[in-house]
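Following: one structure in structure tokens, then a few remarks.
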Amino acid sequence: MSAPVSRPVPTHPDTPAGLQAGPSARTSGAFRSAREARRYRLLLGALFALGMIATLGLLLFNNPVSVDSPSFIPVVKRRVTAVAAMFIAALCHSFATVAFQTVTNNRIITPSLLGYEALYTAINTGAMFFFGAAAFVGFIGVGSFVLQMAAMIVLSLLLYGWLLAGKYGNLHLMLLVGIIIGTGMNAASGFMRRLMAPSEFDLLQSRLIGSVTNAKADYFPIAVPLVLAAALALYLFSRRLNVLALGRDAATTLGVNCRAGIFWTLVLVAVLMSVSTSLIGPLTFFGFLVAMLAYQAAQTHDHRYVFPMAFAIGYGILTTAYFLLYHVLHSQTVVSVVIELFGGIIFLSVILRKRSL
Amino acid sequence: MIEIRNARKSYAAEVRIGPLNIDIPKAGITSLIGPNGAGKSTTLLMIGRLLNMDEGQIRVANMDVRSTKSDDLAKILTILRQENHFITRLTVRQLVGFGRFPHSKGRLTREDEAIISKNIDFLELTELESRFLDELSGGQRQRAYVAMVLCQETEYVLLDEPLNNLDIARAVQMMDHLRRAADEFGRTIVMVLHDINFAAKYSDRICVMKDGQIAAFGTVPEIMRADLLTDIFETKIEIIDGPYGPIAVY
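Protein chains in written order, with numbering that gives the first Met the number 0: chain A, 0 to 356; chain B, 0 to 249.
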């Protein structure tokens with residue numbers, strides 16, 4: 000690619016030419032051109048429409064009772080729980096992954112690396128192992144939900160406080176320690192599972208695979224406000240995230256306090272990931288898939304546009320996948336298994352086609 | 000004025016920078032030269048608060064770089080490093096626009112847009128302004144980063160090897176631009192340079208570093224001496240009078 004030769008004499012910074020050419024014709028929007036901005040709006044609208052259609056399908060399709068029957072509404076109400084869980088999962092994973100990738104300056108990792116899912120697995124496996132099947136079945140409800148969520152948030156705050164605020168404050172060291180702790184907890188859970196009776200193992204396994212059927216409506220009064228507040232905070236933080244994405248040195252030069260910015264972003268990520276994981280279980284690959292597709296679809300670096308796109312993609316994928324599996328294919332396969340399979344395939348195909356991220 | 004008092008940084012027991020004591024006057028171009036590992040970049044990074052010093056104090060325009068709030072410093076001081084992490088889906092114009100962040104916090108006004116356009120034109124990036132950064136050559140990207148830093152419109156500009164990746168024509172243009180920024184807007188520019196002859200032609204003052212210490216600091220004729228440079232670089236260097244001032248031949 001050759002540098003285009005423009006004027007031989009450089010324009011002086013204060014010549015009015017630069018000013019005249021300026022504001023009306025040339026602006027620094029989030030998109031390269033009006034065409035890309037229009038493409039973004041169309042795509043976002045289409046994805047939301049897809050999500051809405053799938054939502055209506057999930058709520059109304061195949062309702063065993065007729066519309067005029069008095070029991071129509073109760074059936075819909077029961078289905079609302081599952082849809083609400085999808086909404087929360089999509090919001091949590093999309094916002095958390097995009098923000099996490101930005102503050103770590105890395106587009107191929109997910110916040111799962113910090114060990115939330117390993118901790119969830121360890122808590123549930125431990126409950127089954129130490130207290131038996133009866134207690135495990137009872138280990139459900141608002142109390143256990145809050146307990147799991149609090150444990151995950153506390154763990155991540157300890158990790159950040161210890162490794163980010165210290166003298167050797169280093170993000171990569173923190174990730175590495177997170178991975179090691181996660182691996183350790185997974186190994187411990189694996190050991191406990193080996194010693195379990197097959198019936199107990201079966202009971203446990205259903206809870207260790209992410210599924211919206213794990214969610215209970217009782218959790219929503221706690222989960223929904225937390226998630227909405229954290230997602231809103233991240234969205235309002237977008238302009239600073241745009242700068243943090245430039246890397247630590249450039250962001251410092253531009254006057255952004257990196258340590259505080261990264262810390263608070265990670266706290267919000269911890270809240271989102273913890274709520275989602277304790278609500279529906281681990282979805283390791285989902286956020287990653289959504290963030291990657293969102294960057295491809297949005298064609299901008301600006302978080303104010305990437306966040307909504309990521310959420311629309313996440314919600315569209317979840318609702319459509321559940322609708323197709325339940326009502327078209329009549330399969331009871333857990334959707335997260337399918338999502339992880341397709342996510343992996345799409346990820347590999349993107350890498351092979353573009354040879355880069 | 001940039002005042003450095005007893006600034007020290009140790010990387011290992013035998014790799015120590017400092018104690019440094021120097022006053023870099025306001026306005027004009029000061030070049031830092033010296034052999035590899037002399038501590039030039041370390042000094043620049045410490046002034047630009049990207050690297051914490053172990054001891055000592057650095058004040059820029061009477062503000063202590065360690066205790067002043069980062070966003071206050073960002074309005075008077077900017078620094079550009081050698082390597083920059085660049086992100087995908089970011090255009091040249093958007094990158095340059097980040098230079099206005101200390102002033103407008105991401106909400107660009109019409110004046111900001113005019114300043115952005117001006118700096119893009121100044122570094123001849125006009126035709127490239129809507130390209131993504133990963134579609135540029137190394138030299139073009141380097142100019143985009145310099146445009147961002149100039150767009151910040153700070154009184155003090157610190158540059159770590161701004162001529163990296165630039166061909167001869169672009170390097171000369173870049174130095175001409177910086178010279179004008181210093182002369183006409185009274186900017187204080189401090190940069191690390193490897194080419195002694197570029198430093199001699201464009202600087203007002205040269206600071207020579209060796210082994211973590213400041214070996215000499217003075218005007219161009221004071222520094223462009225065969226005995227001094229031969230000693231510093233441990234290579235036979237002669238100075239001859241060229242059409243644009245002294246030239247080092249080695």
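All residues carry an ideal CB built from backbone N, CA and C; glycine is no exception. Here the structure is a predicted model, which means the values were calculated and not measured.
{"Item": "Give the residues of chain B in contact with Val-289 (chain A), contact being defined as C-beta atoms less than 8 Å apart.", "Value": "Near Val-289 (chain A) there are no residues of chain B at all, since even the closest Cβ is about 16 Å away, more than 8 Å."}
{"Item": "Kindly list, in the order they appear in chain B, the residues whose Cβ is closer than 7 Å to that of Leu-253 (chain A).", "Value": "Ala-73, Phe-97, Phe-100 and Pro-101"}
{"Item": "So, does the segment 275 to 294 of chain A touch the segment 344 to 352 of chain A, judging by three or more C-beta pairs under 8 Å?", "Value": "yes"}
{"Item": "What are the residues that DSSP puts in a beta bridge with Ser-30 (chain B)?", "Value": "B:Met-190 and B:Ile-205"}
{"Item": "Using beta-carbon positions only, say whether Gly-241 (chain B) and Ser-27 (chain A) come within less than 8 Å of one another.", "Value": "no"}
{"Item": "I'd like to know whether the C-beta of Val-97 (chain A) is nearer than 8 Å to at least one C-beta of chain B.", "Value": "no"}
{"Item": "Give the residues from the segment 25 to 56 of chain A that approach chain B closer than 8 Å (Cβ to any Cβ), ordered along the chain.", "Value": "Arg-25, Thr-26, Ser-27, Ala-29, Arg-31 and Ser-32"}
{"Item": "Give me the DSSP bridge partner(s) of Thr-77 (chain B).", "Value": "B:Val-156"}
{"Item": "Give a yes or no on whether the minimum CB-CB distance between Ala-20 (chain A) and chain B is below 8 Å.", "Value": "Per-residue confidence for Ala-20 (chain A) stands at a pLDDT of 41, beneath the threshold of 50, marking its modelled position as unreliable; the derived number appears in the next sentence. By this cut-off, Ala-20 (chain A) is an interface position."}
{"Item": "Can you pull the chain A neighbours of Thr-77 (chain B), defined as C-beta to C-beta under 7 Å?", "Value": "Thr-252"}
{"Item": "Can you give the Cα-Cα distance for Phe-128 (chain A) and Ser-188 (chain A), rounded to whole angstroms?", "Value": "9 Å"}
{"Item": "Just by C-beta distance, which residues in the segment 97 to 112 of chain A are closer than 7 Å to chain B?", "Value": "Asn-104"}
{"Item": "Looking only at its chain, what residues have a beta carbon closer than 7 Å to the beta carbon of Arg-78 (chain A), apart from the 5 residues adjacent to it on each side?", "Value": "Leu-57 and Leu-58"}
{"Item": "Going by C-alpha distance, which of B:Met-174, B:Tyr-155, B:Glu-154 and B:Val-156 is nearest Leu-162 (chain B)?", "Value": "B:Met-174"}
{"Item": "By the three-class DSSP mapping on this structure, what secondary structure does Ser-77 (chain A) have?", "Value": "In the sequence as presented, Ser is not what sits at residue 77 (chain A); that position holds Arg. Residue state, collapsed to three classes: helix."}
{"Item": "Name the residue from B:Val-189, B:Ala-168 and B:Ile-86 whose alpha carbon lies nearest to the alpha carbon of Ile-205 (chain B).", "Value": "B:Val-189"}
{"Item": "Strictly below 7 Å CB to CB, what residues from chain B border Ala-244 (chain A)?", "Value": "Ile-86"}
{"Item": "Applying the 10 Å Cβ sphere with the 16-neighbour rule, what's the burial state of Gln-100 (chain A)?", "Value": "buried"}
{"Item": "Give a yes or no on whether 8 Å exceeds the smallest Cβ distance from Lys-39 (chain B) to chain A.", "Value": "no"}
{"Item": "By Cβ distance below 8 Å, which residues in the same chain neighbour Ser-9 (chain B) in space, the five residues on each side in sequence not counted?", "Value": "Arg-15, Ile-16 and Asp-53"}
{"Item": "So what does DSSP say about Gly-241 (chain B), is it helix, strand or coil?", "Value": "strand"}
{"Item": "Please say whether Thr-276 (chain A) and Tyr-159 (chain A) have beta carbons closer to each other than 8 Å?", "Value": "no"}
{"Item": "Residues of chain A with CB under 7 Å from Ser-9 (chain B), in chain order?", "Value": "Simply none; closest approach about 14 Å."}
{"Item": "Can you name the residues that DSSP bridges to Thr-90 (chain B)?", "Value": "B:Phe-131"}
{"Item": "Using DSSP with H/G/I as helix, E/B as strand and the rest coil, what is Leu-18 (chain A)?", "Value": "Unreliable positioning characterises Leu-18 (chain A) in this predicted model, as indicated by a pLDDT of 39, which lies under 50. The coordinate reading is nonetheless provided below. Of the three classes helix, strand and coil, the one that applies to Leu-18 (chain A) here is helix, per DSSP."}
{"Item": "Our contact map puts Met-208 (chain B) next to Ala-247 (chain B) with C-beta atoms below 8 Å; I'd like the distance itself, whole angstroms only.", "Value": "Contact flag wrong, Cβ pair sits at about 17 Å."}
{"Item": "Go through its chain and collect everything with a Cβ distance to Leu-112 (chain A)'s Cβ below 6 Å, but skip five positions before and after it.", "Value": "Leu-174, Gly-177 and Ile-178"}
{"Item": "Relative to the C-alpha of Arg-80 (chain B), which residue among B:Val-156, B:Ser-136, B:Ala-60 and B:Thr-90 is closest?", "Value": "B:Val-156"}
{"Item": "When every heavy atom of the ligand NAP is checked, does at least one fall within less than 7 Å of the C-beta of Gly-177 (chain A)?", "Value": "Summarising the ligand content, the structure contains no ligands, and the ligand NAP is consequently not present."}
{"Item": "For Ala-249 (chain A), go through chain B and note every residue whose CB falls closer than 7 Å to its CB, in chain order.", "Value": "Asn-83"}
{"Item": "Are the C-beta atoms of Arg-80 (chain B) and some chain A residue less than 8 Å apart?", "Value": "yes"}
{"Item": "Would you kindly work out how many angstroms separate the C-alpha atoms of Phe-322 (chain A) and Val-136 (chain A), rounded to a whole number?", "Value": "28 Å"}
{"Item": "Quick one: grab the DSSP three-state call for Ser-68 (chain A).", "Value": "coil"}
{"Item": "Between the alpha carbons of Val-141 (chain A) and Ala-229 (chain A), how many angstroms are there, rounded?", "Value": "20 Å"}
{"Item": "Can you look up Ser-23 (chain A) in the DSSP assignment and give me helix, strand or coil?", "Value": "Reliability fails at Ser-23 (chain A), whose pLDDT of 44 lies under 50, so the model's placement of it is uncertain and the value that follows must be treated cautiously. In the structure shown, Ser-23 (chain A) sits in coil (DSSP, three-state: anything other than H, G, I, E or B)."}
{"Item": "For Arg-109 (chain B), I'd like the list of residues in its chain whose CB is within less than 8 Å of its CB, leaving aside the five on either flank, ordered along the chain.", "Value": "none"}
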